[in-house]
Amino acid sequence: MKITTVTKSKIDQIDFDNLPFGKYFTDHMLVCHHENGAWSEPEILPYGELKSTYALHALHYGQAAFEGMKAYRNQSGEVQLFRPEKNWERLNRSAERLYMPEVPREVFLDGLNKLIELDAAWVPQDEVKSLYIRPFLFSSSEFIAARPSERYTFAIICSPVGPYYAGAVKVKIEDTYTRAASGGIGYTKAAGNYGGAFYPTAKAIQEGYNQVIWTDHANHELIEESGTMNIMLRIGDKMITPPLTDRILAGITRDSILTLLRDWGADVEERPITVTEVIAAARNGELMEAFGMGTAAVVSVIEQIGFKNERFDIPTPTDGMASKIRAGLNDIRLGRVEDRFNWMTKV
Ligand code: COI
4 MKITTVTKSK IDQIDFDNLP FGKYFTDHML VCHHENGAWS EPEILPYGEL
54 KSTYALHALH YGQAAFEGMK AYRNQSGEVQ LFRPEKNWER LNRSAERLYM
104 PEVPREVFLD GLNKLIELDA AWVPQDEVKS LYIRPFLFSS SEFIAARPSE
154 RYTFAIICSP VGPYYAGAVK VKIEDTYTRA ASGGIGYTKA AGNYGGAFYP
204 TAKAIQEGYN QVIWTDHANH ELIEESGTMN IMLRIGDKMI TPPLTDRILA
254 GITRDSILTL LRDWGADVEE RPITVTEVIA AARNGELMEA FGMGTAAVVS
304 VIEQIGFKNE RFDIPTPTDG MASKIRAGLN DIRLGRVEDR FNWMTKV
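Heads up: take any position in the sequence shown, counting from 1, add 3, and you land on the numbering used here.
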């Protein structure tokens, strides 16, 4: 691995008490290219510009996917990554579907390790702050014929972050637009899955919501995910989340929360859940809690669900399951309890 470090860190210019999500970047980044069937030697460089012409393939055809992951500093001051292998595996599932080369383990995981080691000073030791890591893969040939690229670039950039949402969120059950269709790319972290969501989300924001709850493409009757998060509903004593399909992103936070809940003996169901069921539960007071689960958002409490012309307020108990899970994850991430599931990897 080629490493070129900065001559002077810019960390002193960052106000760690005021970290808008994804605005500041650490001193270094990792870059690696794939051409003629082979990956180049990964390079760690000072964070900086992308050199390309306007014919950059990814800009025209959207052959691009990303990951979201975090590094934490535990109470002993050690910097650790949360389940990094899962992100590597998922990026390669996205790569396969988007017809991009898979990123080798040593490029992703060893490169990541080296990068975080170099920028370790940027990892906050905090209950709500962490270092958000953005690995991404995109087509980097410079031609505009509509065929797969001949060159691909894998890069990792990092950003110290605070909470993604300022507080509890209001979400609208989407009954017009669709995030993903069967046979499509909904299960990947394709860049376009997010770009395609901005317009429906902006419309929901105009109506006073923060996000949408996506429903199935065929009938808008099955609950799928919420904005950039998977969704969990507590109906009575049951914790219910939709099962993974090729339309739903296999969230690593989702998987971790399901593991914790099952470990705690909670009544967990991964099953299709309909809009009709959610609205009926909200109407008759059985919808006890709702929250989104994601890397950026962690556990994001939903305080209101809207459907067509109705809005339902959802309880947000301070001692509810959302709080318990957030604390459970933090205890592991900050090293306050034993890491029984081997989720943390020391850098
Ligand atoms: C993540 O949680 O990492 C996401 O993908 C959300 C991101 C789009 C901000």
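Using N, Cα and C, we set each Cβ at its ideal position, and we do this for glycine too.
- As summarised for the region 170 to 242, the continuous alpha helix (DSSP H) elements at least 4 residues long and confined to that stretch are 194 to 198 and 201 to 209, given in chain order.
- By the neighbour-count criterion, in which 16 or more other beta carbons inside 10 Å mark a residue as buried, A148 falls on the exposed side.
- Judged by pairs of C-beta atoms under 8 Å, the region 89 to 108 does not touch the region 161 to 177, as fewer than three such pairs exist.
- The closest heavy atom of the ligand COI lies less than 8 Å from the beta carbon of E70.
- The count of Cβ pairs closer than 8 Å, one atom from the region 299 to 318 and one from the region 43 to 51, stays below three, leaving the stretches out of contact.
- Distance from the CA of N196 to the CA of E177, rounded to the nearest whole angstrom, comes to 15 Å.
- By the C-beta density criterion, F85 is buried, having at least 16 other C-beta atoms within 10 angstroms.
- A Cβ-Cβ contact shorter than 9 Å links Y75 with S133.
- One Cα belongs to L115, the other to L337, and the distance between them is close to 20 Å.
- Within the region 269 to 296, the complete beta strand (DSSP E) runs of at least 3 residues fall at 270 to 273.
- A heavy atom of the ligand COI is found nearer than 8 Å to the CB of T231.
- For T29, the closest C-alpha among the options N77, T7, C161 and F141 is that of C161.
- Judged by beta-carbon spacing, F157 lies beyond the 9 Å limit of H60, meaning their Cβ atoms are not closer than that value.
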